[in-house]
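Each residue of the sequence shown is one higher than the last, beginning at 3 in my numbering. Virtual Cβ for every residue (Gly too), placed ideally from N, Cα, C. Predicted model only: the values in this text are computed from it and were never measured.
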Amino acid sequence: MLDLLLRRRSCRKFEDKAVEAEKKEKLLQAAQLAPTGKGTRSWEFVVIENKDTLQKLGNCRNPKQPFLPVTPLAIVVLSNTQKTDTWIEDAAIASVIIQLEAESLGLGSCWAQIRLRESNQEMSSEDYVRKLLGIPEHMAVLSIIAVGYPEKTLPAHSLEEVEQEKIHREFY
Ligand SMILES: Cc1cc2nc3c(=O)[nH]c(=O)nc-3n(C[C@H](O)[C@H](O)[C@H](O)COP(=O)(O)O)c2cc1C
Numbered sequence: 003m004l005d006l007l008l009r010r011r012s013c014r015k016f017e018d019k020a021v022e023a024e025k026k027e028k029l030l031q032a033a034q035l036a037p038t039g040k041g042t043r044s045w046e047f048v049v050i051e052n053k054d055t056l057q058k059l060g061n062c063r064n065p066k067q068p069f070l071p072v073t074p075l076a077i078v079v080l081s082n083t084q085k086t087d088t089w090i091e092d093a094a095i096a097s098v099i100i101q102l103e104a105e106s107l108g109l110g111s112c113w114a115q116i117r118l119r120e121s122n123q124e125m126s127s128e129d130y131v132r133k134l135l136g137i138p139e140h141m142a143v144l145s146i147i148a149v150g151y152p153e154k155t156l157p158a159h160s161l162e163e164v165e166q167e168k169i170h171r172e173f174y
């Protein structure tokens, strides 16, 4: 696991190659095995592969901020705000689990933040995505995880980045 965590980097440039059905299935299985507060399984996912929809999704962020990379597959991570008060945590954990499963399958991934961000269409990123994909009001849109075969990979992390000062033992 530590090796996988060292290797995983955000990928923002993907090959123009579809992710195989078997790998897609594993990503979605992994997402649904993520832990949730009180086991509420508050998340739901929208899988996008249609090129036209992916292109429209690209407008979900204001161009001044880093936005969704051009990707062959996007998994939109939603969470039911009416089901639990841990909907942000639930969706965030599922997002990361998708990223880790992607890495283990030899795929790259990147998190595009949707919650609390603005689109380039005079509405929030969340409202833009909700409108585009027909998502109901009670489902919050936390993130979009772009997944694909990496065209460019960043150097792996190193254990030298691990800072002793972040760890407090017994007392802060
Ligand atoms: C909560 C969260 C929001 C993020 N939002 C974006 C984003 O909107 N666009 C983007 O390109 N990367 C985004 N990232 C990726 C981070 O920029 C990236 O994880 C960080 O710079 C560390 O780099 P690494 O993933 O290569 O280790 C986000 C990551 C997290 C955890």
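Check                                                                                                    : Outcome
Complete beta strand (DSSP E) runs within the stretch 95 to 162 (minimum length 3 residues, chain order) : 110 to 115 and 141 to 150
Cβ-heavy atom distance, Glu142 to ligand 1, below 7 Å                                                    : Inspection of the sequence shows that residue 142 is occupied by Ala rather than by Glu. No - ligand 1 has no heavy atom lying nearer than 7 Å to the Cβ of Ala142.
Meets three-Cβ-pair contact criterion under 8 Å: the stretch 43 to 58 and the stretch 106 to 116         : no
Any non-hydrogen atom of ligand 1 within 7 Å of Pro114 CB                                                : The question names Pro, but residue 114 in the sequence shown is Ala. Ala114: yes, Cβ under 7 Å from ligand 1.
Closest residue to Ser81 among Glu128, Leu6, Arg11 and Ala93 (Cα-Cα distance)                            : Ala93
Heavy atom of ligand 1 within 7 Å of Arg43 beta-carbon                                                   : no
Under the three-state DSSP convention, the category Glu51 falls into                                     : coil
Nearest-angstrom Cβ-Cβ length linking Lys15 and Glu153, presumed shorter than 8 Å                        : 4 Å
Buried/exposed call for Ile100, threshold 16 Cβ in 10 Å                                                  : buried
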